[in-house]
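Protein chains in written order, with numbering that gives the first Met the number 0: chain A, 0 to 403; chain B, 0 to 403.
2 protein chains.
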Amino acid sequence: MTALDQKFAALAADNAPGQEVRQDMSGLDAVMKGGLFNGTPVDFSHGDVDAHPPTPGSAEAWQAGFEVGGQQAYTEYRGAAAIREKVAARLAEFTGHPLSADSELIITPGTQGALFLALGATVTNGTKVAVVEPDYFANRKLVVFFGGEVVPVALTYGGQGSDNGPDLAQLEAAFKSGTEVLVFSTPNNPTGVVYSAQDIAAIARLASSYGVTVIVDQLYSRLLYTGESYTHLRADPQAPGNLITIMGPSKTESLSGFRLGVAFGTAALIERMERLQAIVSLRAAGYNQAALETWLNEPEGWMDARIAAHQAIRDELVSLFRAAGIEVAVPQAGSYVFPKLPDLSVSPEVFVQLLRRQAAVTVTPGSEFAPGTRDSIRLNFSQDHEAAVAAVKRIIEMIERYKA
Amino acid sequence: MTALDQKFAALAADNAPGQEVRQDMSGLDAVMKGGLFNGTPVDFSHGDVDAHPPTPGSAEAWQAGFEVGGQQAYTEYRGAAAIREKVAARLAEFTGHPLSADSELIITPGTQGALFLALGATVTNGTKVAVVEPDYFANRKLVVFFGGEVVPVALTYGGQGSDNGPDLAQLEAAFKSGTEVLVFSTPNNPTGVVYSAQDIAAIARLASSYGVTVIVDQLYSRLLYTGESYTHLRADPQAPGNLITIMGPSKTESLSGFRLGVAFGTAALIERMERLQAIVSLRAAGYNQAALETWLNEPEGWMDARIAAHQAIRDELVSLFRAAGIEVAVPQAGSYVFPKLPDLSVSPEVFVQLLRRQAAVTVTPGSEFAPGTRDSIRLNFSQDHEAAVAAVKRIIEMIERYKA
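Next up, the structure:
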């Protein structure tokens with residue numbers, strides 16, 4: 000195996016959301032118990048933008064961008080200045096901290112693009128990077144791709160209130176032993192844990208005192224459920240000197256088909272990210288950038304309705320899992336649930352394939368998010384409410400069928 | 000300077016097309032001779048999609064993709080299967096060699112995205128990569144970013160017919176001494192040289208016999224002028240076993256604002272590229288992929304008219320430069336000219352800034368394409384014909400004004 004073979008073996012993407020169609024499912028029949036279920040297929044690997052459609056006006060904004068022509072097609076690599084001005088002002092208000100549109104913001108092809116650029120700008124051969132477990136699966140892959148070393152930090156997510164959060168002792172130990180970068184998501188993907196004000200303050204203090212660069216993925220921070228509160232690291236008085244915050248309209252706002260994200264924070268890092276973007280993909284598609292006109296600028300009441308719709312789905316799915324005796328944490332924000340499977344007669348990976356084959360339900364295996372969460376499955380419940388409920392009932396029946 | 004500082008110093012993008020707006024131009028007044036010119040500003044750093052508008056139907060195809068909804072938003076990372084089927088068939092016909100839509104094609108965010116993925120899939124720490132000089136500026140930057148080593152191969156472009164082309168002796172010497180990858184563009188960017196059938200055959204033979212992976216950027220291969228012929232490396236009977244061809248609709252077809260490109264060739268490399276795309280930006284924007292419906296599928300006569308319009312501009316600009324005694328090769332394809340500046344009283348970099356300040360003309364300095372072409376400037380002449388002619392007249396007057 001060459002160095003490149005190894006590098007790309009670590010990037011295996013067959014279980015990544017949306018890629019399941021490329022799996023070889025022959026051989027599954029030998030272990031199958033019982034027949035197929037009837038019911039609407041549900042793909043919980045990503046949100047359903049037909050059930051929760053894109054922000055009103057987004058397609059019209061695209062069309063307006065197209066009609067602007069060349070100026071909109073060929074923006075600066077960091078994105079069109081006029082759009083950055085508007086978005087920066089709204090992000091400053093949302094996060095409670097000022098933001099320079101000129102030097103502290105870059106528009107990227109999706110939040111995935113933002114994460115790639117942020118880690119590319121801060122990780123090279125030998126860089127130690129603290130990665131929370133479980134967390135978004137690409138974080139670890141990106142660190143390895145850039146030649147860095149993953150230093151795991153455990154996240155508690157099954158507990159009540161302040162029990163949840165990162166292991167701060169592990170985090171400080173990592174920082175003490177030469178970790179230069181911390182990357183994490185809050186709300187956490189896949190568990191829906193929102194880092195508490197205390198945890199965010201502690202991260203700010205520790206990162207500042209050890210000189211650690213922090214990349215915080217706040218993709219789901221707008222989809223916050225009743226009674227929850229959210230703390231923005233960048234607004235902390237002790238926020239670290241090197242800090243990148245990542246957001247985007249792909250999830251809550253259902254603009255995933257536009258591939259738009261933003262990264263904002265330390266100017267020197269944004270400058271590096273733009274240099275990298277220049278060789279990666281030049282810029283987020285010019286006409287698509289125009290759709291950011293609608294972002295953080297939705298019609299009155301639109302976001303409340305979207306949150307309410309998701310909260311109702313969340314509550315019903317969590318009740319169903321719990322009534323069946325399946326452990327699941329209640330997500331505080333976002334649209335992921337991460338139930339834990341009981342012992343089964345097949346491996347979790349095979350069970351996930353059987354779910355798709357027998358029950359027309361696609362979920363993402365927990366092994367994508369941390370080595371230690373192999374026995375969990377992630378569901379993005381941004382789906383048609385009724386279809387999601389029916390699909391979770393099928394998952395529960397499948398669990399009963401395959402229980403060890 | 001840290002390892003990351005060095006890595007990003009090598010990615011300086013201030014002179015990259017479209018980024019000139021971020022330059023510090025203070026201090027220019029001290030060397031300025033004479034006043035400002037009147038005239039329509041012309042940005043030769045990229046094509047003018049207002050003068051040469053996007054393929055008919057492209058915006059409508061986007062709208063149709065948006066209306067398809069979730070299925071179009073969340074395609075496989077390598078792109079929507081139905082679109083790949085159509086594009087693969089058209090590319091097979093265009094290049095004269097079969098192509099599997101399932102395993103040999105990936106849709107990317109622009110051809111820049113395709114180049115990034117192709118080099119990322121083939122270059123790691125220590126990989127020796129043959130890079131033609133001059134050639135597209137990102138090629139060298141990408142090799143360095145991935146930790147590879149650039150092995151330069153000279154291109155002759157000022158000569159007549161078969162004088163032009165890569166130095167095959169240098170190429171073989173590079174292959175003999177451990178070079179594992181060759182990347183080049185034909186038509187060459189910035190000179191417009193089309194590699195001859197003989198040169199393509201020689202590259203095929205050499206790459207096959209030394210086991211070298213080849214990445215060939217054919218972005219401009221459709222904009223071929225009267226009397227010229229084009230040879231596709233992938234159709235050569237001795238084409239190398241590891242070969243990626245890159246194309247896209249950003250230039251000739253003016254779909255740059257959609258950020259769409261394709262890479263096609265060896266299935267194992269396409270598979271790697273998809274794994275990399277999964278952590279870089281997931282996929283080309285889903286709705287945008289729908290615009291590929293129009294690609295290689297334009298209305299009858301549309302491409303002929305586009306070629307004729309560009310050929311007329313090319314002929315007039317070349318005549319103007321030559322009448323002023325300025326050396327310039329006639330591009331055989333594409334929309335770049337690469338005239339050589341005479342000795343000036345200011346450096347070529349400062350002259351390029353003065354052109355923008357005094358003459359409202361933006362060009363790309365030759366140093367972006369090779370260390371040895373500092374005294375040339377690149378013009379993308381896909382512009383309004385009259386405005387381009389007037390702007391070149393201003394360039395010529397500026398050259399007179401600053402002649403050493």
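Yeah, the Cβ is synthetic: ideal placement off N, Cα and C, and Gly gets one too.
Asked	Found
Thinking just about the alpha-carbon of each residue, which of B:K32, B:F36, B:T155, B:S25 is nearest to the one in R393 (chain B)?	B:F36
Per DSSP, which one or two residues make a beta bridge with N188 (chain A)?	N188 (chain A) pairs with nothing; no bridge assigned.
How about A100 (chain A): is its Cβ closer than 7 Å to a heavy atom in the ligand FMN?	As for the ligand FMN, it is missing from this structure, which has no ligand bound.
So which residues on chain B does Y76 (chain A) lean against when the C-beta distance must stay under 8 Å?	A12, A15, G17, Q18
The stretch 34-45 of chain B: which residues have C-beta closer than 9 Å to a C-beta of chain A, in chain order?	D42, S44, H45
Hey, is E273 (chain B)'s beta-carbon within less than 8 Å of any beta-carbon in chain A?	yes
Sorted by chain position, which residues of the same chain lie with C-beta nearer than 7 Å to R21 (chain B)'s C-beta, five sequence neighbours on each side aside?	D13
Is there at least one Cβ from chain A nearer than 8 Å to F144 (chain B)'s Cβ?	yes
Given T123 (chain B), which residues of its chain have a CB within under 8 Å of its CB, disregarding the five upstream and five downstream residues?	F145, G146, G147
Out of B:Q237, B:P108, B:T225, state which residue places its alpha-carbon closest to the alpha-carbon of R282 (chain B).	B:P108
According to DSSP, is G264 (chain B) helix, strand or coil?	strand
Is it buried or exposed, R321 (chain A), if we count other Cβ atoms within 10 angstroms and call 16 or more buried?	exposed
Report the rounded CA-to-CA distance for G68 (chain A) versus S44 (chain A), giving the unit in angstroms.	36 Å
When you check each C-beta in the stretch 239-272 of chain A against every C-beta of chain B, which residues fall closer than 7 Å?	S255, G256, F257, R258, R271
Please report how far the alpha carbon of D162 (chain A) lies from the alpha carbon of T155 (chain A), in whole angstroms.	7 Å
On the criterion of 16 or more Cβ atoms from any shown chain inside 10 Å, does G157 (chain A) qualify as buried, or is it exposed?	exposed
Using only the alpha-carbon positions, how far apart do Y73 (chain B) and M397 (chain B) sit?	51 Å
Which of the three DSSP states, helix, strand or coil, is assigned to E66 (chain B)?	helix
Which partner residues of Y194 (chain A) appear in the DSSP bridge assignment?	Answer by DSSP bridge pairing: none, since Y194 (chain A) is not bridged.
Under 7 Å, CB to CB, which of the residues in the stretch 99-113 of chain A have a partner in chain B?	P108, G109, Q111, G112
Quick check on A203 (chain A) - is its C-beta less than 8 Å from some C-beta in chain E?	The structure shown contains no chain E; its protein chains are A and B.
So L98 (chain A) and F263 (chain A) are supposed to be a Cβ contact under 8 Å. How far apart are they, rounded?	6 Å
Given that a residue counts as buried once 16 or more other Cβ atoms are within 10 Å of its Cβ, and exposed if not, what is G371 (chain A)?	exposed
Strictly below 8 Å CB to CB, what residues from chain B border R21 (chain A)?	E75
Can you tell me where the alpha helix (DSSP H) with E179 (chain A) in it begins and where it stops?	Note, E179 (chain A): premise wrong, no alpha helix (DSSP H); not H, not E.
Verify the CB distance criterion: does K6 (chain B) have a CB-CB separation below 8 Å to chain A?	yes
Are there three or more Cβ pairs, one per stretch, closer than 8 Å when the stretch 191-203 of chain B is compared with the stretch 217-230 of chain B?	yes
So, using beta-carbon positions, are T205 (chain A) and F183 (chain A) closer together than 8 Å?	The residue asked about is misnamed: residue 205 (chain A) is Leu in this sequence, not Thr. Against a cut-off of 8 Å, the Cβ pair of F183 (chain A) and L205 (chain A) comes out as no contact.
Could you check which residue in B:L275, B:S346, B:I199 has the C-alpha nearest to that of L27 (chain B)?	B:S346
Please compile the residues from chain B whose C-beta is within a distance smaller than 8 Å of the C-beta of R187 (chain A).	Note on residue identity: the sequence assigns Asn, not Arg, to residue 187 (chain A). Within 8 Å Cβ-Cβ: nothing; N187 (chain A) doesn't reach chain B, min ~19 Å.
Strictly by DSSP, which residues pair up with K32 (chain A)?	Beta-bridge pairing links K32 (chain A) to no other residue.
Just to check my reading of the structure: F93 (chain B) and L254 (chain B) have Cβ atoms closer than 8 Å, yes? What is that Cβ distance to the nearest angstrom?	Between L254 (chain B) and F93 (chain B) the Cβ distance is about 16 Å, and since that is not below 8 Å, they are no contact.
According to DSSP, simplified to helix, strand and coil, what is A129 (chain A)?	strand
Classify T225 (chain A) as buried or exposed, calling it buried when 16 or more other Cβ atoms lie within 10 Å of its own Cβ.	exposed
Using beta carbons (cut-off 8 Å, strictly below), is S280 (chain B) in contact with chain A?	yes
Mind listing the chain B neighbours of V48 (chain A)? Cutoff is C-beta to C-beta under 9 Å, in chain order.	G68, G69, A72, Y73
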